[in-house]
Amino acid sequence: MWPSLALPGVLWLVLLFLTPLYAVFAVAMGAPDPIFGGALPAWNPLAWDPGEFGTILGELFTGQLGFVFLRTLIYVAIATFLSLLIGYPVAYYVARHAGRFRVLLLMLIIAPFWINYLMRMLAWVNLLSTDGYVNQILLFVGLLDEPREWLVGKHETVILGLVYGYVPFLILPLFAALDRIDSRVIEAARDLGASPARAFFAVTLPLSSQGILAGCVIVMLPMFGDYYTATLLSGSPRTNMVGKLIEQDILSGAGSGRGAALTVVLMVFVGILMTYYLYSVARASREARS
Amino acid sequence: MTFGRAESRPNATRFKSWWSNPWGKPRFLVLFTWAYILWSLVPVAIAVQFGFNEGRSRSAWQGFSLRWYVGDPNLSVLHDPSLRAALVQSLQLAALTMLIATPLGVALAIGLARWSGWGARPANFLMLFPLVTPEIVMGVALFLVFVHLFGFVRLGTMAQVLGHVTFTVSYVVIVVRGRLFSVGREYEEAAMDLGASRLQALRTVLLPMLAPAIWASLMVAFAISIDDFVISAFLMGDASSATIPVKLYSAARLAPSPAINALASILLFASMLAITIAILVMGRSRRREGAEGSAVEDFARLDL
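Sequence lines, in order, name chains A and B.
So the first sequence is numbered by this note's numbering: it starts at 1 and just counts up by one.
So the second sequence is numbered by this note's numbering: it starts at 1001 and just counts up by one.
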């Protein structure tokens, strides 16, 4: 009886998750439609034509495309690092020292999860507009002499947006990892004469490394596919990420072969992260089960 | 508190002794954490506030009004046809997604938790796969499959519902599974020892025990669906099936009126309501069973 309960869900995922993923490959490996434009998918793997891929790979190493990939990588790296820098102390405090504020703090930390991402970006569009609060404050304090145009092609604005958008997703796995650490282990280190700093670096930090890794992967995966943050906060080709090119190719219709090929490249790019995360959640679910 | 005792000293010393008291709470972390929380929530609060602005500006406060929600005869969420349509579309999608994804996910969760045959492991991986796939990949994949293979599914509401259910099912499984593991098999086995068939044990024993998790997953499915942007945008076909997030995306750069803030705030209220209900339902069942801790902590550990 148990397999039959799982069957509808499994069937749904095969039809609407695995098949679509295969469709991406079929379209990426298909030929462009000579008559109507668009793409002719090659469903049979034997008929796959890697022509589009060759073009894409060529551009990746010589053309503009390579720069976009590199920019995406740099944005994601900086934003992940800053998120970790912000997220770790917060998660550490809530997990270990929050006391009676713990539940309240957790609620406030979970809240951004359920506030729409685009609304959170929109909030910054308001604040960073030419006559917005940020400019007003900076002018008042005297840091700026005239209003700054934050919302046109500024890298720092896009990175701020990414950090602001994804940092909550990093805090929760960090919290879970830090919360699991048995406080007696740390007390033992202190009793044996370790300074607070030493106890932190020799005990707490290594014991939370799984959480750090998981958290970074959790924020990097969506960041690599992000295109809306840069569109909302900068809107300039100067700050385009890979996702933007995919969106443009697919939704303009004409370039869906190219868009599909780019999607495959992106998947290969984040494949290691996806595999790591998949195995770690599968392991966690096996442990929960036993 | 240290503060009180140090009252008579000059300010700088007082702060220093408060700051460096080795037996006190970690001061830096306290300040840092609250600063983070302010930073993460105040911008959104300001955006909500400007939805209630009297005037047209989204950066200068001109007094409170409901003009952008209901008052303005042309531009308010209630009266602007495209904004109202987006609200209706979002609610409709979230309701349909919740109603389809929850039964599908509950059955899948029970199946995966109890089934230990050869297919269980691959099925488990398949369930987790959507959780780790970047949304843009899923959006592109679903778009292409509907355009090139399942031609009978037209882009628009139908495609959006299918897409939303696909990425919501796994979350339902995660929510329900936690409860399944904590309930264990003993109750069903007891029921079957007393003569119930498997199906009866499932219906009369397991499902009632899962009820809080099922309610919570209904709410989670609703909130996830109503918050989604990427899948809705890729599968929308034409402007008539634009959802609120899609509207926010297309309007944000076109010098919008505070009505867009009002629309975003409605979205915020809807998903906050759903999540509050989910947490309350889970909290109530915990208290009845005398469990320790709080439902918020359970929620934080879900690893959604």
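For glycine and all other residues, C-beta sits at the position ideal for the given N, C-alpha and C.
Give a yes or no on whether 9 Å exceeds the smallest Cβ distance from residue i to chain A.
{"i": "serine 1265 (chain B)", "result": "yes"}
{"i": "leucine 1280 (chain B)", "result": "no"}
{"i": "valine 1145 (chain B)", "result": "yes"}
{"i": "methionine 1192 (chain B)", "result": "no"}
{"i": "arginine 1284 (chain B)", "result": "no"}
{"i": "histidine 1079 (chain B)", "result": "no"}
{"i": "phenylalanine 1052 (chain B)", "result": "no"}
{"i": "phenylalanine 1152 (chain B)", "result": "no"}
{"i": "arginine 1056 (chain B)", "result": "no"}
{"i": "isoleucine 1136 (chain B)", "result": "yes"}
{"i": "threonine 1204 (chain B)", "result": "no"}
{"i": "methionine 1272 (chain B)", "result": "yes"}
{"i": "tyrosine 1171 (chain B)", "result": "no"}
{"i": "leucine 1304 (chain B)", "result": "Caution applies to leucine 1304 (chain B), whose pLDDT of 47 falls short of 50 and renders its modelled position unreliable; the model cannot decide the point."}
{"i": "proline 1043 (chain B)", "result": "yes"}
Please confirm if residue i has its CB atom under 9 Å from at least one CB of chain B.
{"i": "tyrosine 228 (chain A)", "result": "yes"}
{"i": "aspartate 182 (chain A)", "result": "no"}
{"i": "isoleucine 246 (chain A)", "result": "yes"}
{"i": "tryptophan 150 (chain A)", "result": "no"}
{"i": "arginine 120 (chain A)", "result": "yes"}
{"i": "phenylalanine 224 (chain A)", "result": "yes"}
{"i": "threonine 204 (chain A)", "result": "no"}
{"i": "proline 8 (chain A)", "result": "yes"}
{"i": "proline 45 (chain A)", "result": "no"}
{"i": "serine 4 (chain A)", "result": "yes"}
{"i": "leucine 73 (chain A)", "result": "no"}
{"i": "aspartate 145 (chain A)", "result": "no"}
{"i": "isoleucine 272 (chain A)", "result": "no"}
{"i": "threonine 263 (chain A)", "result": "yes"}
{"i": "methionine 1 (chain A)", "result": "yes"}
{"i": "aspartate 49 (chain A)", "result": "no"}
{"i": "isoleucine 86 (chain A)", "result": "yes"}
{"i": "phenylalanine 61 (chain A)", "result": "no"}
{"i": "tyrosine 166 (chain A)", "result": "no"}
{"i": "methionine 267 (chain A)", "result": "yes"}
{"i": "methionine 107 (chain A)", "result": "yes"}
{"i": "phenylalanine 69 (chain A)", "result": "no"}
{"i": "threonine 231 (chain A)", "result": "yes"}
{"i": "proline 112 (chain A)", "result": "yes"}
In the DSSP assignment, what are the bridge partners of residue i?
{"i": "asparagine 1053 (chain B)", "result": "B:Phe1064"}
May I ask which residues mark the beginning and end of the alpha helix (DSSP H) holding residue i?
{"i": "leucine 1248 (chain B)", "result": "1244–1251"}
{"i": "glutamate 59 (chain A)", "result": "51–62"}
{"i": "leucine 160 (chain A)", "result": "155–180"}
{"i": "tyrosine 117 (chain A)", "result": "117–128"}
{"i": "histidine 1148 (chain B)", "result": "1135–1148"}
{"i": "arginine 1286 (chain B)", "result": "1258–1288"}
{"i": "histidine 1164 (chain B)", "result": "1157–1183"}
{"i": "valine 1153 (chain B)", "result": "Element bounds for valine 1153 (chain B): n/a, residue is neither H nor E."}
{"i": "leucine 1108 (chain B)", "result": "1081–1114"}
{"i": "valine 1220 (chain B)", "result": "1207–1227"}
{"i": "threonine 231 (chain A)", "result": "228–233"}
{"i": "phenylalanine 17 (chain A)", "result": "Taken as a continuous stretch (DSSP letters only), phenylalanine 17 (chain A) belongs to no alpha helix (DSSP H), as it is neither H nor E."}
{"i": "serine 252 (chain A)", "result": "242–252"}
{"i": "tyrosine 1187 (chain B)", "result": "1186–1193"}
{"i": "phenylalanine 1125 (chain B)", "result": "1120–1132"}
Here's a check: name, in chain order, each residue in its chain whose Cβ is nearer than 6 Å to the Cβ of residue i, leaving out the five neighbours to either side.
{"i": "proline 1130 (chain B)", "result": "Phe1167, Ser1170"}
{"i": "alanine 26 (chain A)", "result": "Pro41, Ala42, Trp43"}
{"i": "alanine 284 (chain A)", "result": "none"}
{"i": "phenylalanine 1050 (chain B)", "result": "Arg1058, Pro1258, Asn1261"}
{"i": "isoleucine 246 (chain A)", "result": "Gly259, Leu262, Thr263"}
{"i": "arginine 190 (chain A)", "result": "Ala199"}
Assuming the contact rule is C-beta atoms closer than 8 Å, residue i and residue j should be a hit. Round their C-beta distance to whole Å, please.
{"i": "methionine 119 (chain A)", "j": "alanine 1086 (chain B)", "result": "No, methionine 119 (chain A) and alanine 1086 (chain B) are not in contact; Cβ-Cβ is about 13 Å, not under 8 Å."}
{"i": "valine 1140 (chain B)", "j": "threonine 1097 (chain B)", "result": "With 8 Å as the limit, valine 1140 (chain B) and threonine 1097 (chain B) do not qualify as a contact, their Cβ atoms being about 20 Å apart."}
{"i": "phenylalanine 1222 (chain B)", "j": "alanine 1274 (chain B)", "result": "5 Å"}
{"i": "leucine 1108 (chain B)", "j": "valine 1173 (chain B)", "result": "5 Å"}
To which residues of the same chain is residue i closer than 8 Å at the C-beta, ignoring the five residues directly before and after it?
{"i": "valine 264 (chain A)", "result": "Val24, Phe25, Ala28, Phe53"}
{"i": "arginine 71 (chain A)", "result": "Thr239, Asn240, Met241"}
{"i": "arginine 1056 (chain B)", "result": "Ser1257, Pro1258"}
{"i": "valine 1044 (chain B)", "result": "Leu1268"}
Kindly list the residues whose CB is nearer than 7 Å to the CB of residue i, restricted to its own chain and excluding five residues on each side of it in sequence; keep chain order.
{"i": "threonine 157 (chain A)", "result": "Leu128, Trp150, Leu151, Leu233, Ser234"}
{"i": "valine 1118 (chain B)", "result": "Checking the sequence, you will find tryptophan at residue 1118 (chain B) rather than valine. Nothing listed; no residue qualifies."}
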